[in-house]
DNA sequence: TTTCAGTCTGTGAACGTTCACAGATGTTTC
DNA sequence: GAAACATCTGTGAACGTTCACAGACTGAAA
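Residue numbers (this note's numbering), protein chains in the order written: chain X, 8 to 343; chain G, 8 to 343.
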């Protein structure tokens, strides 16, 4: 709190440059029809005065805010353990900053949070919304269709695939890659631990698993987790009890796979000799486990970039945007 | 993009409530001096019309934006592996949302980024800045003192402790707790792997270590890391080469400790039988490692809450705020 | 020469609030 | 019963932009 000198306005710049308000505004928004001389004078005046645009004033007349909201739906607090969010956040922030739009964060963990987000969006406080890890049937999504705001998602919003454009890794094909690889390595009784089935990652990775295994993907070999480490651990324990003869397991996230490794160790199974373990995400944990995890890499940065691209296009008035699905890569380490 | 019905303004609310603009504004800002009858009428009219305040308009006249920036300084990309950011972000977002101030994210990874942040702040686009993991000598900090904006940090900004208020865990005492514990367990040759010494966590945790060990903390037993897993691994390897007889190591972050465990395993040392390993942070990785890490828990949520509190106080005009230092807890697991 | 289109510039009005002020009413104090 | 004060309300002006319009100037086409 110092320097009481008032911020220069567009008027000050105009005075210094010897032109009118209008001309300054035109160079600020690089409109056509401003002479090179005027343009140069204004640029110089801006530098000289240290002028910086007042967004509030612009926003007031344009009805645009120059900002978008990233909404993290996070029904379980623990979901936040997941390092994927960091990558999304970092990449999105960068890409948006390049276009001079700022990213405001909101958490939609409970209904109170969700109402706040809805109020925010309905109030026109942002030009767009970037939904992350939204579950099927989220009331936020229902509300969104009534609000005139651009919205995109990272990962399909189940049940709203056609109304909310999205970018995502090819979860289904990624799961196929891993499952095929386990088959090729000679594993005979391959189980899986899925994510919540109301998330695209949960549902699609299971489908990919079933695509490859066909009838061999029996109910006995499928267990459900919640993307947390503890969830993975208990799912693995249940699996071992029900089907002690399994020799491989495809776990739908690295974090759950870390939990599965603990359960296997507790049960005295060696990895990979007795049971091969495959993860998904290629997050940092895949390297901290012992042994390091064979996993499926998602191109998370590209996903974030594409999602941002979709959002900006939507804000600029685009319609009928197609989803963007990006290829995954199998990363082989020592757990298989 | 639908529903072209224009948003209701304060005028519409006034008309419906049968009062004037001014009165509506007063209830919006809960000023004193508005009759209960008027208050009720306005509340009703707001609900009826679905009015929501236009922040840009308010901002234009109040010269306040109702938002703060969280600035992530992130010299190494990998720092982002660190799950602490997620906690800070989540907690800060929540607490700020309760006070109706929104949180915009900015990354200050390179100089271009930093200039953007400076421009943003100088432009008055935010009421305050919340610095995270800022290193000593960051030009952003230098610029900040010339900008009339409230600024606080999570963790001390070395060299600016007196100008930028902060909240932090008691890094020094936390390190003492761990070191004392290792001594009590009978370990004789205790080494440490520090963080970068231009961060408070790097410097203070080393000081705490030295506080307990005194002259026994010889240079031979001190190695430096960069808070990454790989950095921890190579630091551990160097340590083993230089001082093969060590029987314990205090590592200044869990992620580095995970790396240290790999190096120890590669060298054929058993943990904890041959070498005890202590981490710091109590992050999610502390549970994924094998064995699970004994570590020092930082009250990260409280740190975030206190930092937010300081920031809001500063924005409200407080001066001379004292740093807030919060106690840590030793968490004993199987690596010691 | 006149007309026309294109280029460039300045100006008034508007965006939706808050704030300071002035005025009206009611209530206490001497 | 007047003066002083507290409570409550309405109004004009201001915040710093953009936008639509009008007008001036240019050069080319008729």
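Think of the CB as a built atom: it goes at the ideal place given N, C-alpha and C, for glycine as much as any other residue. Please read these numbers as outputs of a predicted model, since none were measured by experiment.
- Residues of chain X with a Cβ closer than 7 Å to the Cβ of residue 92 (chain G) are, in chain order, 93.
- Between residue 25 (chain G) and residue 48 (chain G), the alpha-carbon positions lie close to 8 Å from each other.
- For residue 53 (chain X), the nearest beta carbon of chain G is not closer than 8 Å to its own beta carbon.
- Residue 240 (chain X) counts as buried, since at least 16 other C-beta atoms from the protein chains shown sit within 10 angstroms of its C-beta.
- Straight through space, the alpha carbons of residue 112 (chain G) and residue 80 (chain X) are spaced by roughly 17 Å.
- Contact check for residue 20 (chain G) against residue 184 (chain G) fails: the beta carbons are separated by 8 Å or more.
- By the Cβ-count criterion, residue 70 (chain X) is exposed, with fewer than 16 other Cβ atoms from all chains shown falling within 10 Å of its own Cβ.
- Against chain G, the beta carbon of residue 297 (chain X) has neighbours under 7 Å at 297, listed in chain order.
- The CB of residue 18 (chain X) never comes closer than 7 Å to any CB in chain G; the least such distance is about 15 Å.
- Under DSSP, residue 230 (chain X) forms a beta bridge with X:200.
- A straight line joining the alpha-carbon of residue 227 (chain G) with that of residue 205 (chain G) spans about 20 Å.
- Just so you know, the alpha carbons of residue 178 (chain G) and residue 258 (chain X) end up roughly 37 Å apart.
- Contact annotation, residue 68 (chain G) with residue 133 (chain G): C-beta distance approximately 17 Å; criterion of less than 8 Å not satisfied.
- The beta strand (DSSP E) runs lying completely inside the stretch 139-201 of chain G and spanning 3 residues or more are 157-161, 173-176, 197-201, given in chain order.
- Scanning its chain for C-beta atoms nearer than 8 Å, with the 5 sequence neighbours on each side dropped, one finds around residue 107 (chain G) the residues 73, in chain order.
- Secondary-structure assignment with DSSP links residue 304 (chain G) through a beta bridge to G:288, G:336.
- Rounded to whole angstroms, the gap between the alpha carbons of residue 235 (chain G) and residue 249 (chain X) is 39 Å.
- Burial check for residue 120 (chain X): the Cβ neighbour count within 10 Å reaches 16 or more, so the residue is buried.
- When C-beta distances to chain G are compared with 7 Å, the residues of the stretch 96-113 of chain X below that value are 96, 97, 100, 101, 104, 109, 110, 111, 112, 113, in chain order.
- As summarised for the stretch 47-102 of chain X, the continuous beta strand (DSSP E) elements at least 3 residues long and confined to that stretch are 74-80, given in chain order.
- 8 Å or more divides the Cβ of residue 242 (chain G) from the Cβ of residue 216 (chain G).
- Of all residues in the stretch 128-143 of chain G, the ones placed with a Cβ closer than 7 Å to any Cβ belonging to chain X are 129, 130, 131, 132, in chain order.
- Contacts between residue 126 (chain X) and chain G, judged by CB atoms closer than 7 Å, involve 59 in chain order.
- For residue 217 (chain X), the uninterrupted alpha helix (DSSP H) run begins and ends at 207-220, by DSSP.
- Following the DSSP letters along the chain, one finds residue 114 (chain G) in no alpha helix (DSSP H) but inside the beta strand (DSSP E) bounded by residues 109-115.
- With the criterion set as a beta carbon lying under 7 Å from some beta carbon of chain G, the members of the stretch 231-257 of chain X are 236, in sequence order.
- Spanning the alpha carbons of residue 212 (chain X) and residue 102 (chain G) requires a straight line of approximately 36 Å.
- DSSP places residue 256 (chain G) inside the beta strand (DSSP E), whose first and last residues are 255-258.
- No Cβ-Cβ contact shorter than 8 Å links residue 186 (chain G) with residue 171 (chain G).
- For residue 292 (chain G), the closest Cβ of chain X is nearer than 8 Å.
- Residues of the stretch 327-343 of chain X whose Cβ lies closer than 9 Å to any Cβ of chain G: none.
- Contact holds between the stretch 160-176 of chain X and the stretch 126-145 of chain X, because three or more Cβ pairs, one in each stretch, are under 8 Å apart.
- At a cut-off of 8 Å between beta carbons, residue 35 (chain X) makes no contact with chain G.
- Contact with chain G is absent for residue 273 (chain X), since none of that chain's Cβ atoms lies less than 8 Å from the residue's Cβ.
- Between the alpha carbons of residue 322 (chain X) and residue 222 (chain X) lies a gap of roughly 46 Å.
- Residue pairing by DSSP places residue 119 (chain G) in no beta bridge whatsoever.
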